[in-house]
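What follows is a set of notes on a single structure, which appears directly below.
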Amino acid sequence: MTTSSYREREYGRAPVDRGPVPVARSGRHARPEDPRGDVYLQVQASPEFQEIRRRYRDFAFPMSALFLAWYLAYVLASTMARDLMARRIVGEFNVALAFGLAQFASTFVFTWLYARHAVRKRDRAALDLRWVTQERFR
Amino acid sequence: MIAARGSLAAATGNDHRMLTVGLFLGFVAITLGITIWASRHNRTANDFYAGGREFSAAQNGLAISGDYMSAASFLGIAGLISLVGYDGFLYSIGFLVAWLVVLMLVAELVRNCGRYTMADVLAFRMSQRPVRTAAGASTIVVSIFYLLAQMVGAGSLVALLLGDGNGSAQTLTIIVVGMLMIVYVTFGGMKGTTWIQIVKAALLMAGAVLLTVLVLVRFHGNVNEILRSAAATSGKGDAFLQPGLQYGSSLTSRIDFISLALALVLGTAGLPHILVRFYTVPTARAARRSVMWAIGLIGSFYLMTIVLGFGAAAVLGSDRIRASNKAGNTALPLLAEEVGGGGDSIGGVVLLAVIAAVAFATILAVVAGLTLASSASAAHDLYAAVIHKGRASEKEELAAARLSAIVIGAVAIALSLTAQKLNVAFLVALAFAVAASANLPTILFTLFWRRFNTRGTMWAINGGLVSSVLLVVFSPVVSGGPNPLITAVDFHWFPLANPGIVSIPIGFLSGWIGTLRSKEDVDDSKFAEMEVRSLTGAGAY
Chain F
10 MTTSSYRERE YGRAPVDRGP VPVARSGRHA RPEDPRGDVY LQVQASPEFQ
60 EIRRRYRDFA FPMSALFLAW YLAYVLASTM ARDLMARRIV GEFNVALAFG
110 LAQFASTFVF TWLYARHAVR KRDRAALDLR WVTQERFR
Chain X
2 MIAARGSLAA ATGNDHRMLT VGLFLGFVAI TLGITIWASR HNRTANDFYA
52 GGREFSAAQN GLAISGDYMS AASFLGIAGL ISLVGYDGFL YSIGFLVAWL
102 VVLMLVAELV RNCGRYTMAD VLAFRMSQRP VRTAAGASTI VVSIFYLLAQ
152 MVGAGSLVAL LLGDGNGSAQ TLTIIVVGML MIVYVTFGGM KGTTWIQIVK
202 AALLMAGAVL LTVLVLVRFH GNVNEILRSA AATSGKGDAF LQPGLQYGSS
252 LTSRIDFISL ALALVLGTAG LPHILVRFYT VPTARAARRS VMWAIGLIGS
302 FYLMTIVLGF GAAAVLGSDR IRASNKAGNT ALPLLAEEVG GGGDSIGGVV
352 LLAVIAAVAF ATILAVVAGL TLASSASAAH DLYAAVIHKG RASEKEELAA
402 ARLSAIVIGA VAIALSLTAQ KLNVAFLVAL AFAVAASANL PTILFTLFWR
452 RFNTRGTMWA INGGLVSSVL LVVFSPVVSG GPNPLITAVD FHWFPLANPG
502 IVSIPIGFLS GWIGTLRSKE DVDDSKFAEM EVRSLTGAGA Y
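Chains F and X, in that order, give the protein sequences. Just add 9 to the spot in the first sequence (first one is 1) and you have our numbering. Just add 1 to the spot in the second sequence (first one is 1) and you have our numbering.
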């Protein structure tokens, strides 16, 4: 490495380019020649990784179920509960418009919540584990 | 007065046409400049496919918005709102909420697992050749469907904006747009394409903000007044501000909309040309932040679309919009002309030309992204991994990618010219349906379900792809409907225009059943690599 790129300065050394993606056979021990496989298995089993994985899944899965259900409720209300949606709130503003704008607002809020969770609960630990893992490839 | 406005040009004459063409050429000159600049920094596969992976989150967020917001979003949704009111707005929301799926379940993980294409992720821990063949085919099918709809739409749109009735402008536009996208992709690669999308997104946002401000000023900032007068001039009264005018006449049409909504919300995360955008940033964190930028930009854009759509209805009235174009595609250009001071004023002429040029820029950026994603998959998945079994050199692979761009571009031009008189707008919805039924189940299963295997992958991709395409072939949009592709015969038996409500469950189910029916051992070390890489970035490209 003669020059260091923006990526390397910011995020550490890039992985060695191993050329075109090799064609792996499937099967339990398809690539015994790759010592990285064992490292990945050990890291995957480590409590540090399990914690990162748990934090990610425990947040992302229920949140996804929640926003999909919330969107579906909106779609169903718009197609099946017309009378409710037609009800006026103030001026020309009705339930349908309020529900629609609430979808915008909730999308922005969900985005913010997810990002905040990732920064607070995952990023630091994931980055640490990345260095540890990549150290072991050398 | 209203009857005289049969087309835009009838009202505005040659001034605006010259100016519009001038602005078109200006944008083409800028993009060609970008392409020439990018071609000098376009030597490796990493540059060509992933733009060197050195774009910032903000740049990529703009490029994603540029890739995603087609002329159908810009002119189509505002036009739809101006004609059917609330249902146009309802339609737009699916396009936004979909980004939460991308944000939470896909962007970061795909960024870390993949390298250049969607198939990199799908084939990561599976048998390479069958999975890459299926995933490559799905990538190309989705992209070509989307591309066809964009190019045919571009042709009719430019013809409409230039006020050309005899169709020669449409043919010429399809050929020019097709040639330009080939040039952008073959020379500029991902770097050039990304910058074109960034410029386009900036122009689109600027155009939308300008027009929104002018509409708000006209109504003294009183949104309630816009809604009131939109409802009044639409001739529909209160119904204009409620769901039902477009998707509500029968139970079938309501279920059809639910089916469309499912495909929109789940399809975005399976669109190959969107997924490859995450390879252009250096880390998963940057991928996440680029989605946040995209959500901010796309969300504010659709919020402005509400003002523009209802504003167009209020200012112009539905009759005048419909007289210019039945689908409402010219509502925004007409609105621009009106709020700029009318057809006889300089302001009106300039603003109309600017909005038309923004629409043109929009089309070019979207088709370039689609051509790039599909040619990358043709070269990286089909040529290098399947035909050459991973032994093609980087130079050969790049040559194949450029050749694929030319071939795919030529095929797209030929198909678009053949289809230019047909109603192909349904192809965008079909592209989303295939993405939601074939690509998304496979992506989610492979990332999150350890037992998922090669047969499951094959079944999910093929099941989702074949069921969504077949259901559309036998749907009212192809034959028997109100404005079908084929008018001579009626062979439809599937009642819905949108297959998602059936094909998405088929995609998930066939992936599940295929997995259970295979005795294949899971490659645990590859799954460990996928999990660790996806969540930490260790070993990611």
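Using N, Cα and C, we set each Cβ at its ideal position, and we do this for glycine too.
Mind pulling the chain X residues with CB within less than 8 Å of residue i?
i, result
"Asp-132 (chain F)", "Arg-286"
"Ile-61 (chain F)", "Leu-536, Thr-537"
"Arg-153 (chain F)", "The structure shown has nothing for residue 153 (chain F), since chain F only spans 10 to 147."
Report yes if the C-beta distance between residue i and residue j is below 9 Å; otherwise report no.
i, j, result
"Leu-212 (chain X)", "Leu-335 (chain X)", "no"
"Leu-309 (chain X)", "Ile-94 (chain X)", "no"
"Glu-446 (chain X)", "Ala-461 (chain X)", "Sequence check: residue 446 (chain X) is Phe here, not Glu. Yes, the Cβ-Cβ distance between Phe-446 (chain X) and Ala-461 (chain X) is below 9 Å."
"Pro-496 (chain X)", "Val-473 (chain X)", "no"
"Met-531 (chain X)", "Pro-131 (chain X)", "no"
"Leu-101 (chain X)", "Ile-409 (chain X)", "no"
"Leu-76 (chain X)", "Ala-332 (chain X)", "yes"
"Leu-104 (chain X)", "Thr-120 (chain F)", "yes"
"Ala-432 (chain X)", "Val-143 (chain X)", "yes"
"Ile-78 (chain X)", "Thr-88 (chain F)", "no"
"Met-305 (chain X)", "Ala-209 (chain X)", "yes"
"Ala-124 (chain X)", "Ala-108 (chain X)", "no"
"Gly-567 (chain X)", "Ser-376 (chain X)", "Here chain X comprises residues numbered 2 to 542, so residue 567 (chain X) is not present and cannot be evaluated."
"Ile-175 (chain X)", "Gly-156 (chain X)", "yes"
"Asp-48 (chain X)", "His-274 (chain X)", "no"
"Asn-103 (chain F)", "Ala-95 (chain F)", "yes"
"Leu-466 (chain X)", "Ser-250 (chain X)", "no"
"Ser-504 (chain X)", "Ala-434 (chain X)", "yes"
"Phe-361 (chain X)", "Met-70 (chain X)", "no"
"Ile-248 (chain X)", "Leu-91 (chain X)", "Reading the sequence as shown, one finds Tyr at residue 248 (chain X) and not Ile. In contact: Tyr-248 (chain X) and Leu-91 (chain X) (Cβ atoms closer than 9 Å)."
"Ala-72 (chain X)", "Leu-149 (chain X)", "no"
How many whole angstroms separate the CB atoms of residue i and residue j, which I take to be in contact at a CB cut-off of 8 Å?
i, j, result
"His-381 (chain X)", "Thr-195 (chain X)", "In fact, because the Cβ distance is near 18 Å, the residues do not count as touching under 8 Å."
"Thr-516 (chain X)", "Asn-454 (chain X)", "5 Å"
"Ala-270 (chain X)", "Ala-426 (chain X)", "Incorrect: roughly 23 Å between the Cβ atoms, too far for contact."
"Ala-233 (chain X)", "Ser-66 (chain X)", "About 34 Å separates the two Cβ atoms, so there is no contact after all."
"Ser-378 (chain X)", "Ala-120 (chain X)", "6 Å"
"Leu-263 (chain X)", "Phe-113 (chain F)", "Wrong, their Cβ atoms sit about 19 Å apart, outside the cutoff."
"Arg-1 (chain X)", "Asn-113 (chain X)", "This structure does not reach residue 1 (chain X), given that chain X is present from 2 up to 542, and the question cannot be answered."
"Leu-84 (chain X)", "Ile-307 (chain X)", "With 8 Å as the limit, Leu-84 (chain X) and Ile-307 (chain X) do not qualify as a contact, their Cβ atoms being about 14 Å apart."
"Gly-512 (chain X)", "Ala-135 (chain F)", "So it is not a contact: roughly 28 Å between Cβ atoms."
"Gly-154 (chain X)", "Ala-160 (chain X)", "Wrong, their Cβ atoms sit about 11 Å apart, outside the cutoff."
"Lys-192 (chain X)", "Gly-342 (chain X)", "In fact, because the Cβ distance is near 41 Å, the residues do not count as touching under 8 Å."
Show which residues of chain F have a CB atom less than 9 Å away from the CB atom of residue i.
i, result
"Pro-500 (chain X)", "Ordered by position in chain F, no residue passes the 9 Å Cβ test against Pro-500 (chain X), which lies about 17 Å from the chain."
"Phe-427 (chain X)", "Chain F residues near Phe-427 (chain X): none, gap ~19 Å exceeds 9 Å."
"Leu-97 (chain X)", "Gln-112, Phe-113, Thr-116"
"Asn-463 (chain X)", "Result: empty, since nearest Cβ-Cβ is about 18 Å, beyond 9 Å."
"Phe-258 (chain X)", "Val-84, Ser-87, Thr-88"
"Ala-377 (chain X)", "The contacting residues do not exist; Ala-377 (chain X) stays about 13 Å from chain F at best."
"Asn-1 (chain X)", "Coverage of chain X is limited to positions 2 through 542, which leaves residue 1 (chain X) absent and any answer about it impossible."
Using a Cβ-Cβ cut-off of 9 Å, state whether residue i counts as contacting chain C.
i, result
"Ala-437 (chain X)", "Among the chains of the structure shown, chain C does not appear; the protein chains present are F and X."
Could you name the residues of chain X that residue i contacts, counting a contact when the two beta carbons are closer than 9 Å?
i, result
"Arg-91 (chain F)", "Gln-243, Pro-244, Gly-245, Gly-249"
"Ala-95 (chain F)", "Asp-239, Ala-240, Leu-242, Gln-243, Pro-244, Gly-245"
"Arg-45 (chain F)", "Ser-526, Glu-530, Gly-540"
"Ala-105 (chain F)", "Tyr-87, Phe-90, Leu-91, Leu-242, Gln-243, Pro-244"
"Ala-78 (chain F)", "Neighbours of Ala-78 (chain F) on chain X: none; closest Cβ ~11 Å, over 9 Å."
What does residue i touch in chain F if you count any residue whose Cβ is under 7 Å from its own?
i, result
"Met-105 (chain X)", "Ala-69, Met-72, Ser-73, Tyr-123"
"Met-293 (chain X)", "Thr-120, Ala-124"
"Arg-289 (chain X)", "Ala-124, Ala-127"
"Leu-228 (chain X)", "Glu-101"
"Leu-304 (chain X)", "Phe-113"
At 8 Å on the CB atoms, spell out the chain F contacts of residue i, in chain order.
i, result
"Ile-94 (chain X)", "Tyr-80, Tyr-83, Gly-109, Gln-112, Phe-113"
"Gly-300 (chain X)", "Phe-113, Thr-116, Phe-117"
"Ile-296 (chain X)", "Thr-116, Phe-117, Thr-120"
"Arg-255 (chain X)", "Thr-88, Met-89"
"Ala-232 (chain X)", "Glu-101"
Secondary structure, alpha helix (DSSP H): runs of 4+ residues fully inside the stretch 218-267 of chain X: 224-235
Inter-stretch contact at 8 Å, needing at least 3 Cβ pairs: the stretch 384-397 of chain X / the stretch 427-444 of chain X: no
Given 8 Å, three or more beta-carbon pairs between the stretch 310-324 of chain X and the stretch 217-235 of chain X: yes
Segment contact flag, the stretch 168-188 of chain X with the stretch 398-418 of chain X, C-beta cutoff 8 Å, min 3 pairs: yes
Runs of alpha helix (DSSP H) wholly within the stretch 80-114 of chain F (minimum 4 residues, chain order): 91-95
Whole alpha helix (DSSP H) elements within the stretch 426-460 of chain X, 4-residue minimum: 427-435, 441-449
The stretch 354-372 of chain X / the stretch 16-33 of chain X touching (three or more Cβ pairs under 8 Å): yes
Start-end ranges of the alpha helix (DSSP H) lying completely within the stretch 390-418 of chain X, minimum 4 residues: none
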